[in-house]
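Contents: one structure, followed by commentary.
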Amino acid sequence: MVFSLRGASVQGSGSYRYRWAILFAAFVAGMAGPIALFAMPPLFPALTAFLGVSLSGIGFTAMTSFGIGISVMAIPFAILSPRLGWKTAGIACLGTISMGALITTVFPTFWGIFLGRFIAGLGFGMAFTWPVGALSVWFRKDEMGLATGIWATTLPVSGLLIFVLAPVLITSYGWISVLWFSFLFAIASLALWAVLAQQPADDGTRISGYFADERSACLSHDCIESVFLDREMWLVAIAWFALNYYLLGITSLAPAYFTTVLGFSLFTASALAILPVSMIIWVAPVAGRLSDRLHTRKTFILISMAAGLLLCPVIFFPRPGFLSWALFFVVLGIVWGMIPATVFASPREIVGPEHAGPASGILNLMVGLAALSAPLITESLVPVIGWQGALASTALPSVAGVVAMVKARRLK
27 MVFSLRGASV QGSGSYRYRW AILFAAFVAG MAGPIALFAM PPLFPALTAF LGVSLSGIGF
87 TAMTSFGIGI SVMAIPFAIL SPRLGWKTAG IACLGTISMG ALITTVFPTF WGIFLGRFIA
147 GLGFGMAFTW PVGALSVWFR KDEMGLATGI WATTLPVSGL LIFVLAPVLI TSYGWISVLW
207 FSFLFAIASL ALWAVLAQQP ADDGTRISGY FADERSACLS HDCIESVFLD REMWLVAIAW
267 FALNYYLLGI TSLAPAYFTT VLGFSLFTAS ALAILPVSMI IWVAPVAGRL SDRLHTRKTF
327 ILISMAAGLL LCPVIFFPRP GFLSWALFFV VLGIVWGMIP ATVFASPREI VGPEHAGPAS
387 GILNLMVGLA ALSAPLITES LVPVIGWQGA LASTALPSVA GVVAMVKARR LK
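Residue 27 is where the sequence shown starts when you use our numbering, and the numbers rise one by one after that.
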């Protein structure tokens, strides 16, 4: 059956098929923030020479500013987004990321980069509410895990894209070309979202809950009571913080450990560090679909938290080689990959479809807090407890994640 791009003119069963267009637009748009995030680390060597500052100074202006932006915007925008609607919220998010990327590119000074990265971070702080809101409206409950599993791979796909593309761009066009790519991608994703994002038409084809419980906006008081004071959402958020702390702590410190202590080349160290993230790309959709079929989100999150803790002692093995680390990171990536789809499918089940978008703002806040704390704390622990101890410490928040999932009652 043929359907147009405008949701209001969609007829019959074609309306429900349009959910895949929404998922495609949300996926591409969801890559804009992570690409902006990952665009900077490959430029650290060039920027230290260009700006004449230390590596920690580059980390502050390029990464800390980004994390501050996420943390500042996550909850306020989660409250505001239902009033805007998820299409307008997406446009605001992508527009902010585009503006931050442009400022970073056009004004590559220390404070120009800080301001641009802060603004881009504000945009990233808006990035979870509207895609989850759109998917919660368009997809049935029994498909939500698959939808969020596919969408949740935006971060690892973006990381791999930058990992592969940045060296090519730097060699061919100079380091500034990576920043231009980030800006142009954000603009393209903004245009795609503006064209494809449509509300579903209530055409009477309410199939197994399709369109059920949809509400275009919620009052701030209602949102605060139903979402931001919901105990179950904060328990899920604890597990989500634990995952991001583990992931960001490991991936930020591991390359330096591999090159400094183990003597691996920079390329080998980077390839190893990206392995766990690569696993998430295929594991997340599979785990999401399985959670749909088995009618459980909690079990996957709990198993992942516990398995991550059990894997932690491997880090203390005496100077393992490349293959040992590769196997460890592959297994760790599979464990991590069980969480994103199930976490992002949880808000719909805990607070309902109409509040799923705002509830995702809590999850976004956890990403910002993990980005601020994990690299800083992990690196500061190296002189105190050694490289392996610092790497292993990144798993400790998973203890809280296990306890949180055990205490969660309403999440199945």
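Here a beta-carbon is modelled for each residue, glycine too, at the ideal position from N, C-alpha and C.
All of these numbers come straight from a predicted model, not from anything done at the bench.
Rounded to whole angstroms, what is the Cα-Cα separation between residue i and residue j?
i    : j    : result
K167 : D318 : 8 Å
T130 : T197 : 20 Å
F144 : G387 : 18 Å
V204 : V253 : 38 Å
A371 : F284 : 36 Å
Y272 : M305 : 15 Å
G126 : A52  : 20 Å
A434 : S291 : 44 Å
P409 : G394 : 25 Å
S424 : T155 : 24 Å
W46  : G95  : 31 Å
L141 : G78  : 18 Å
S91  : S97  : 10 Å
L407 : F342 : 15 Å
C338 : V132 : 43 Å
V183 : M57  : 8 Å
K324 : R436 : 9 Å
F355 : R109 : 42 Å
I61  : I264 : 25 Å
L49  : P226 : 13 Å
V340 : V287 : 17 Å
C244 : R43  : Below a pLDDT of 50, predicted positions are generally treated as unreliable, and C244, at 48, falls in that range; no measurement from the model is reported.
P68  : P193 : 8 Å
C119 : V429 : 34 Å
A160 : G415 : 42 Å
List the endpoints of the continuous alpha helix (DSSP H) containing residue i.
i    : result
Y271 : R257 to T286
L437 : Run containing L437: none; DSSP gives neither H nor E here.
L337 : K324 to L337
V369 : P366 to V377
S350 : F348 to G363
P67  : That residue, P67, is in no alpha helix (DSSP H); it is neither H nor E in DSSP.
Check this for me: beta carbons of residue i and residue j, under 8 Å apart or not?
i    : j    : result
A115 : M66  : no
G378 : G171 : no
T404 : L279 : yes
L398 : G149 : no
L216 : G111 : no
A396 : G175 : no
I117 : G59  : no
V54  : L218 : yes
W362 : S330 : yes
S420 : G185 : Per the sequence presented here, residue 420 reads as Thr, with Ser not at that position. No.
I376 : A385 : yes
P373 : V158 : yes
G347 : L301 : no
W201 : A72  : yes
I327 : M431 : yes
F209 : L128 : yes
K64  : I84  : Position check: residue 64 holds Phe in this sequence, whereas Lys was assumed. No, Cβ-Cβ distance for F64 and I84 is not below 8 Å.
M392 : F267 : yes
I139 : T87  : yes
S107 : A382 : no
F207 : L195 : yes
Worksheet entry | Minimum length 4: unbroken alpha helix (DSSP H) runs contained in the region 154-234 | 155-164, 170-177, 180-199 and 202-222
Practice prompt. Output the residue ranges of the alpha helix (DSSP H) runs that lie fully inside the region 78-146 and measure 4 residues or longer, sorted by chain position.
Written response: 81-85, 91-110 and 112-132
Fill in: alpha helix (DSSP H) segments (min. 4 residues) lying fully within the region 399-433
423-433
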